[in-house]
Amino acid sequence: MSCQSDPCKVLIVDDCELDRLISRKAVKTICAVEEIKTFDHPEQALLYLYNTHIRGNMPELIIVDKNMPAINGFDFIEEYKKINPGLFHVKIVLVSNDFSEIDLVKIKSNPSIFSSFLKPITKEIMVALQINSMQKP
């Protein structure tokens with residue numbers, strides 16, 4: 016995800032409307048965005064990802080909330096890996112209002128998670144994410 020130069024596709028999955036709006040604004044502030052899709056239900060987002068995977072039109076960045084009803088962020092990532100097993104060209108960022116010690120261990124041990132941040136997503140977080148993106152393969 017090189018936000019400054021190439022327009023990117025972004026997917027935001029969060030059950031809180033305000034957090035989706037804040038994340039959308041932060042992404043637009045830093046990134047050249049081709050498209051931002053938002054979902055309040057992870058099941059709908061997974062269906063969308065399945066359909067975009069078939070068309071070969073996957074987002075480059077997925078921001079997913081850890082705490083959602085029905086499917087939490089960790090489960091969402093596991094389900095998404097079934098759709099796109101190699102997670103090619105996709106950076107997944109897990110966000111939450113809080114992370115427990117157990118969450119931090121799970122995040123660190125899960126190579127599918129590119130990064131994690133406390134909500135709300137800010138311009139500064141997007142800048143940090145962009146810098147990390149340049150440093151990580």
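If you use the working numbering, the sequence shown corresponds to residues 16 to 152, in order.
For glycine and all other residues, C-beta sits at the position ideal for the given N, C-alpha and C.
(request) Measuring alpha carbon to alpha carbon, tell me which of Glu139, Lys134, Ala143, Gln145 ends up nearest Leu36. (result) It is Lys134.
(message) Taking the straight line between their C-alpha atoms, what separation do you get for Pro84 and Asp30?
(response) Cα to Cα, Pro84 sits roughly 8 Å from Asp30.
(request) Decide yes or no for the touch test of the region 92 to 107 against the region 115 to 123: beta carbon pairs closer than 8 Å, at least 3 of them. (result) At 8 Å Cβ cutoff, the stretches do not touch.
(message) Could you tell me which whole alpha helix (DSSP H) segments of length 4 or greater appear in the region 17 to 86?
(response) The region 17 to 86 is shown to contain whole alpha helix (DSSP H) runs of 4 or more residues at 32 to 45, 57 to 70, in chain order.
(request) Give the secondary structure of Val105 by DSSP, where H, G and I count as helix, E and B as strand, and everything else as coil. (result) Shown here, Val105 sits in coil according to DSSP, grouped into three states, outside any helix or strand.
(message) Please identify the residue among Glu93, Thr44, Val142, Lys138 whose C-alpha is closest to the C-alpha of Pro57.
(response) Ranking Glu93, Thr44, Val142, Lys138 by Cα distance to Pro57 puts Glu93 first.
(request) May I ask which residues mark the beginning and end of the beta strand (DSSP E) holding Phe129? (result) Counting along the chain, the beta strand (DSSP E) containing Phe129 begins and ends at 128 to 133.
(message) To the nearest angstrom, how far is the alpha carbon of Arg39 from that of Lys123?
(response) Arg39 and Lys123: Cα-Cα distance of roughly 26 Å.
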